[in-house]
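*Asks:* Counting from 14, one number per residue, gives the positions in the sequence shown under the numbering used here. Built from N, CA and C at the ideal position, the CB exists for glycine as well. These numbers were taken from a predicted model, which means no experiment stands behind them. Dropping a structure here in structure tokens format, bear with me for questions.
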Amino acid sequence: MPKLKRTAEETEARREGPEFIESLDRGLRVLQSFGIDRRPMTLSDIAKIANLPRATARRILMTLEKSGFVSGDERLFSLTPHVLTLASAYLASNQISTVMQPLMDDVSSKAKEVCSLALLDGNEVVFVARASPARVFPSGIDVGYRLPAFCTSVGRVLLGRLSNEDLTAAIDAMPVKLETPETIVDKQLIVATIITDRNKGYSLVDQEAEAGFRSVSVPIHRYDGAIIAAANIGAHVDRISTGEMIDRFLPLLREMSATAKPLLV
């Protein structure tokens, strides 16, 4: 069972001194441990995933239970809907989501497909906003959904903001594996593909992240030109060809990105 590891920034902060609160870090690791398996968790599972002693994990769980974030019966523990207040606070305070949501709603309506917005979080992308036309049945890619950055169109757009040297270092340090039979796992080819996509101003990924699914993405720029997010339109391969994605969807995404740029500060 995987363990949650501290990021390099967290480790550095811990070394630097009093600014790092160890107990808070442990509590957050316990909360994150619930995302590993989609089921109630035992104390032993949580302690192992969070890389904590059982006694420490138990005290944290009892605290979270009294705060309303966790429910349990001394054997199995699960998150409560109260945890969503944390996500709601983020979404309400996040300028990107606030600015982009109405623009994405418009694009989704015109394209008659799902439009999503993603940010880079370590080696993964996390989807922070989504717009869907009424006729499209909701897919698994929803707010909070995560995918590897190296093989997704949004991830390649976001990684493209790095210099060639930093990009090569990032991909070299990144774990890559076959997500589907189509996934590119040659790291030199991944770097070359991202650089090519950067020069084109968009990325199109065909069944590399999820079988039967393709998507096209563009960067979302801040007012000063910095890339701060990526927006995509995705669809099942049985319904949309790659050519149609370029012809129909790419102009809509580029227009949306241009409209958003002066609004994002």
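Report buried or exposed for Met258, applying the criterion of at least 16 other Cβ atoms within 10 angstroms of its Cβ.
*Replies:* Result: buried.
*Asks:* For the beta strand (DSSP E) that Asn245 lies in, which residues bound it at each end?
*Replies:* Here the beta strand (DSSP E) through Asn245 covers 240-249.
*Asks:* If you draw a straight line from the C-alpha of Ser122 to the C-alpha of Asp219, how long is it?
*Replies:* Distance between the alpha carbons of Ser122 and Asp219 is about 23 angstroms.
*Asks:* Is the region 191-204 in contact with the region 234-249, if contact means three or more CB pairs nearer than 8 angstroms?
*Replies:* Contact fails: fewer than three Cβ-Cβ distances are below 8 angstroms.
*Asks:* Pull up the distance between the alpha-carbon of Ala205 and that of Thr55, whole angstroms please.
*Replies:* Each residue's alpha carbon lies about 44 angstroms from the other.
*Asks:* Relative to the alpha-carbon of Leu191, which residue among Ser216, Ala224, Asp38, Leu263 has its alpha-carbon at the smallest distance?
*Replies:* Minimum Cα distance to Leu191 is reached at Ala224.
*Asks:* Provide the residue(s) that pair with Glu137 in DSSP beta bridges, ordered along the chain.
*Replies:* In the DSSP output, where bridge partners are listed per residue, Glu137 has Asp134, Pro161.
*Asks:* Hey, how far is the Cα of Pro151 from the Cα of Gly247?
*Replies:* Model confidence at Pro151 stands at a pLDDT of 49, short of 50, so the residue's coordinates are unreliable; what they give is reported in the following sentence. If I take the Cα positions, the gap works out to 12 angstroms.
*Asks:* Output yes or no for whether 8 angstroms exceeds the beta carbon distance between Thr255 and Leu217.
*Replies:* In this structure, Leu217 lies closer than 8 angstroms to Thr255 by Cβ.
*Asks:* Across which residues does DSSP place Pro232 in a beta bridge pair?
*Replies:* BP columns for Pro232 point to Ala243.
*Asks:* Residues in its own chain within less than 8 angstroms of Leu180 by CB, not counting five upstream and five downstream?
*Replies:* Closer than 8 angstroms at Cβ, skipping near neighbours: Leu172, Gly173, Val204, Ile207, Ile208.
*Asks:* Mapping DSSP to helix, strand and coil, what is Gly225?
*Replies:* In this structure, Gly225 counts as coil in the three-state DSSP scheme.
*Asks:* Measuring only from the beta carbon, is Ile253 closer than 7 angstroms to any heavy atom that is part of the ligand MN?
*Replies:* Among the ligands in the structure shown, none appear at all, so the ligand MN cannot be discussed.
*Asks:* For Thr24, I'd like the list of residues in its chain whose CB is within less than 6 angstroms of its CB, leaving aside the five on either flank, ordered along the chain.
*Replies:* Unreliable placement is indicated for Thr24, whose pLDDT of 47 sits below 50; no coordinate value is reported for it.
*Asks:* Pop quiz: Arg67 and Ser57 are said to be a contact at Cβ under 8 angstroms. What is the actual Cβ separation, rounded to whole angstroms?
*Replies:* So it is a contact: roughly 7 angstroms between Cβ atoms.
*Asks:* Going by the CB atoms, is the gap between Arg39 and Thr69 shorter than 8 angstroms?
*Replies:* It is a contact, given that the beta carbons lie within the stated cut-off.
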